[in-house]
Each structure stands twice: as structure tokens, then as C-alpha cells.
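In the working numbering, the protein residues as written are 39 to 138.
What follows is the structure, given as C-alpha cells:
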């Protein structure tokens, strides 16, 4: 997805890294507004970040990273949540991943 002609912004959600790709100044502005929203303390889950990117036509990639500072059970649970989320995104008509 990334081919060097855009800026990349990173959001970390527990063990998951979201890489958001801004191709235009408008995309940069939208992503900066999202960053301010998150910095203000507004909670966003993986599905919220996904739906925000989808609604604003922002391309993104996700990557799971094992974190040594988390207990092993937390890493396992976070990996399970990440896999479940990726699976639910693969079947969007299942009714489980729609907006609130």
C-alpha cells in the first residue's frame, strides 16, 4: 500500500500499530484532527480507528507486535483480539463490525 509518495502517521493501540497513509494535504489535515481527538483523551478502539479511516478514505495497514512490558496473558489476549478483528473485517456483512 505504501509506495513512498505519501506521509505515514502511526497510531498505537496496545499491541497493534496502525499506519495511516496521507496522500494529500487534506488527508494530512484529517489525520492531524484524529490525532488531536485521541490526544484529548477520547477513547478509540480498533474498530473505531478502522471506521474513521474508512469514512475519511484514509488508507491504512495494521501490524501486531509482541510487547515485552506486557504480561504474556495480555499479549495473548491482545493477539486474539487483533486476529478476531482482522477476521471480522474479512467478513464485513456479518453484522458484527458496523458503526455504533
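Each residue gets a CB set at the ideal place from its N, CA and C atoms; glycine is no exception.
These numbers were taken from a predicted model, which means no experiment stands behind them.
With respect to residue 117, residue 54 sits apart: the two C-beta atoms are not nearer than 7 Å.
Remark: three or more beta-carbon pairs, one from each stretch, lie closer than 8 Å, so the stretch 78-86 and the stretch 117-131 are flagged as touching.
Counting along the chain, the unbroken alpha helix (DSSP H) around residue 76 starts and ends at 63-77. For residue 117, there is no enclosing beta strand (DSSP E); the residue is found in the alpha helix (DSSP H) stretching over 110-128. For residue 84, no beta strand (DSSP E) run applies; the uninterrupted alpha helix (DSSP H) run containing it begins and ends at 84-93, by DSSP.
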